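Residue numbers (full-length UniProt numbering): 1 to 366.
Written as structure tokens, this is what we have:
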């Protein structure tokens, strides 16, 4: 099934909330590697601390996709527990060829190596977040993230705004398409598996999307002379259904919040990192957790990450599923929201933990 067949291709591509233009961080570092402007310096309580939680990294679940697809009960139980207890897992044997992963990394690295004037040909417009630049910048006083990004909507294909798809380096457009198609296949399979472990028929979650939308964000984190004072991407949870991330093989930077600690998600070569988004948390009435995560920087090397976000059509209505109410959780934690309104509400705010989820939560305090 392709849930993208639900809506007519005549439908106009949506726009998303604009972001205030801010300096290019890669260029700042190129001009003066030691400079860290005040706009990037975090308050003391928000800075990455020296507490080393890397010993917890090995506890983050590793899920074998080939076993899931064979219906292996132990692996399905692992997926269920990973979504409940961590909201994150590393996915191996996912079926995306290693050469596709590597071509994506090589082409993206070439793009970020281009001169600024070449990358700025694809700069974000004033009314949207597609293109090259920075998202979630909503005020001039906001402390900025130490990163630049290329953001594109890739599926459904009639949502694409091809003016923002880089024409150089040669072949980048084609590998973005090939990589995104492969990731979409993984995403659809995961949604079918999540439907199964939630006790529903295979296509249930896909149907609830009305149409499966997929965005792609390539993040570039330059090295920083004072990595203990900046954040690569601010702590946040993802607004959509699930996110699927490819990391650099040997450079750590992603951290997740687990039991009050920041735990690094150490890269496993050729694995994909998957995390639960707010939509799954809402559908599951809080059983599965959309976890706050962030990216940190280092002094030595630039790092690139490749995030694919799957989310519903703007008109899809999101609320706890009746079957997810239970004697342990009889009350609905979330009210019904239209996804398009929820997404744009989150884009109007700076990234700040789960503050954006307040519009959907039911206040249970008397």
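Glycine included, every Cβ here is placed at the ideal spot set by N, Cα and C.
Every value quoted in this text rests on a predicted model; they were computed, and no experiment measured them.
Check: For a test of the three-state rule: what should DSSP assign to residue 196, helix, strand or coil?; Outcome: helix
Check: Tell me whether the region 255–269 and the region 287–295 touch, counting them as touching only if at least three CB pairs, one residue from each stretch, are closer than 8 Å.; Outcome: yes
Check: When you compare only the Cα positions, how much space is there between residue 281 and residue 224?; Outcome: 35 Å
Check: Considering only DSSP beta bridges, list what residue 115 is partnered with.; Outcome: None; residue 115 has no bridge partner.
Check: Between which residues of its own chain and residue 305 is the CB-CB distance below 8 Å, once the five residues before and five after are set aside?; Outcome: 218, 219, 221, 245, 246, 247, 248, 253, 254 and 295
Check: Please state whether DSSP places residue 231 in a helix, a strand or coil.; Outcome: coil
Check: Over what stretch of residues does the beta strand (DSSP E) that includes residue 66 continue unbroken?; Outcome: Here residue 66 belongs to no beta strand (DSSP E); instead the alpha helix (DSSP H) covers 65–69.
Check: Check whether the region 113–129 touches the region 195–211, taking contact to mean three or more Cβ pairs, one atom from each stretch, closer than 8 Å.; Outcome: no
Check: Using only alpha-carbon positions, find the residue among 70, 189, 226 and 54 that is nearest to residue 41.; Outcome: 226
Check: Going by CA-CA distance only, name the one from 130, 194, 141 and 140 that's closest to residue 166.; Outcome: 130
Check: If we count the other Cβ atoms within 10 Å of its Cβ and call it buried at 16 or more, is residue 155 buried or exposed?; Outcome: buried
Check: Looking at C-beta atoms only, is the number of pairs between the region 233–244 and the region 182–191 that lie closer than 8 Å three or more?; Outcome: yes
Check: Cβ atoms of residue 47 and residue 331: under 8 Å apart, would you say?; Outcome: no
Check: In whole angstroms, what separates the C-alpha of residue 31 from that of residue 114?; Outcome: 15 Å
Check: Return the CA-CA distance between residue 176 and residue 104, expressed in angstroms with no decimal places.; Outcome: 7 Å
Check: What does a CB cutoff of less than 6 Å around residue 34 pick up in its chain, not counting 5 residues either side in sequence?; Outcome: 225
Check: Does the Cβ of residue 373 have 16 or more other Cβ atoms within 10 Å, making it buried, or fewer, making it exposed?; Outcome: The question about residue 373 has no answer here: the residues shown for the chain are numbered 1 through 366.
Check: Quick test of the definition: if touching needs 3 or more C-beta pairs under 8 Å, does the region 73–92 touch the region 169–185?; Outcome: no
Check: Are the beta-carbon atoms of residue 278 and residue 237 separated by less than 8 Å?; Outcome: yes
Check: Which one of 323, 140, 106 and 324 has the shortest CA to CA distance from residue 170?; Outcome: 106
Check: My parser needs the alpha helix (DSSP H) runs of 4 or more residues fully inside the region 24–94; what are they?; Outcome: 25–31, 65–69 and 73–85
Check: Using DSSP with H/G/I as helix, E/B as strand and the rest coil, what is residue 181?; Outcome: helix
Check: Residues bridged to residue 317 by DSSP?; Outcome: 338
Check: Roughly how many angstroms separate the alpha carbons of residue 141 and residue 298, rounded to a whole number?; Outcome: 25 Å
Check: Taking just the CA atoms, how far does residue 329 sit from residue 303?; Outcome: 41 Å
Check: How far does the beta strand (DSSP E) with residue 148 in it reach, from first residue to last?; Outcome: 148–155
Check: Give the single residue among 200, 110, 344 and 333 whose Cα lies nearest to the Cα of residue 362.; Outcome: 333
Check: Where does residue 13 land, buried or exposed, given buried means 16+ other C-beta within 10 angstroms?; Outcome: exposed
Check: Would you list the residues sitting across from residue 275 in a DSSP beta bridge?; Outcome: 88 and 243
Check: Can you find the residues in the same chain that come closer than 7 Å, C-beta to C-beta, to residue 57, ignoring five residues on each side of it along the sequence?; Outcome: 263, 264, 265 and 266
Check: Based on Cα-Cα distance, which residue from 199, 270, 232 and 318 lies nearest to residue 62?; Outcome: 270
Check: Where DSSP assigns a beta bridge to residue 261, which residues make up the other side?; Outcome: 258
Check: Drop a sphere of 10 angstroms on the beta-carbon of residue 365, count the other beta-carbons inside from all chains shown, and report buried for 16 or more, exposed for fewer.; Outcome: Model confidence at residue 365 stands at a pLDDT of 37, short of 50, so the residue's coordinates are unreliable and nothing is read from them.
Check: In whole angstroms, what is the alpha-carbon distance linking residue 342 and residue 355?; Outcome: 12 Å
Check: Alpha helix (DSSP H) containing residue 215: first to last residue?; Outcome: That residue, residue 215, is in no alpha helix (DSSP H); its beta strand (DSSP E) goes 213–221.
Check: One question on the structure: do residue 152 and residue 109 come within less than 8 Å of each other, judged by their Cβ atoms?; Outcome: no
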